[in-house]
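The structure appears below as structure tokens.
Numbering (the working numbering), first residue to last: 28 to 261.
Dropping the structure here:
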């Protein structure tokens, strides 16, 4: 729809965009001692039939760029959601070596061994879940959720999330959580209709499935060995 203001035509399409909200609730198993934390659920909307985005759709200067820090033997943030074509830098802020790798289908890579103060980057060129580890420190883990959509968000500790600037229409709703699984495989993905009158997704219920990758292997598929007795490995 077009409106005429002072002789100039303006589209109302941009004005129709809405902020989609909702809550993720991860249901704990009976007797669980874990604290209630509904953060780090990734929720995204994808229009049915929309063409798959490729990394080549971006030129090198316009690709979204993010950082996952390596500090205190942790990846920060632990969970990140990005759109296809995004670049993530992995700077090493610790005073010893790290070796960042992923052998999962979301994106397979091995950044090799690099020292304090160095940084390497990865372009995430296809949608999927990418679990990331350090080949020296088994306690380090992170997950990157690569989505083929501009409409995505990560929940906070209370499970709340909001996806801004969504054009009303029909979408497929997807959800991912490191520990939470859908109550039924048929629950998600599922079709939803977004409008100015219907911009809430309500409560998305997931069941806590526990630590799924606590005993992961190193990049060679072997059990971890103790790092060499040197302060540069620590």
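We treat Cβ as the ideally placed atom computed from N, Cα and C, and that holds for glycine.
Item: Quick one: what's residue 221 bridged to in DSSP?; Value: 196
Item: With distances taken between CB atoms, is the gap from residue 48 to residue 176 smaller than 9 Å?; Value: no
Item: So what's residue 249 in DSSP terms, helix, strand or just coil?; Value: coil
Item: So, are the CB atoms of residue 121 and residue 94 less than 9 Å apart?; Value: no
Item: Contact between the region 62-73 and the region 125-136 is defined here as three or more beta-carbon pairs at a separation below 8 Å; is this criterion met?; Value: no
Item: Using the rule of at least 16 other Cβ atoms within 10 Å of the residue's Cβ for burial, across every protein chain shown, is residue 134 buried or exposed?; Value: buried
Item: For residue 43, name the three-state secondary structure that DSSP assigns.; Value: helix
Item: Give every residue of the same chain whose Cβ lies closer than 6 Å to the Cβ of residue 183, excluding the five residues on either side of it in the sequence, and list them in chain order.; Value: 66
Item: Are the CB atoms of residue 219 and residue 200 nearer to each other than 9 Å?; Value: yes
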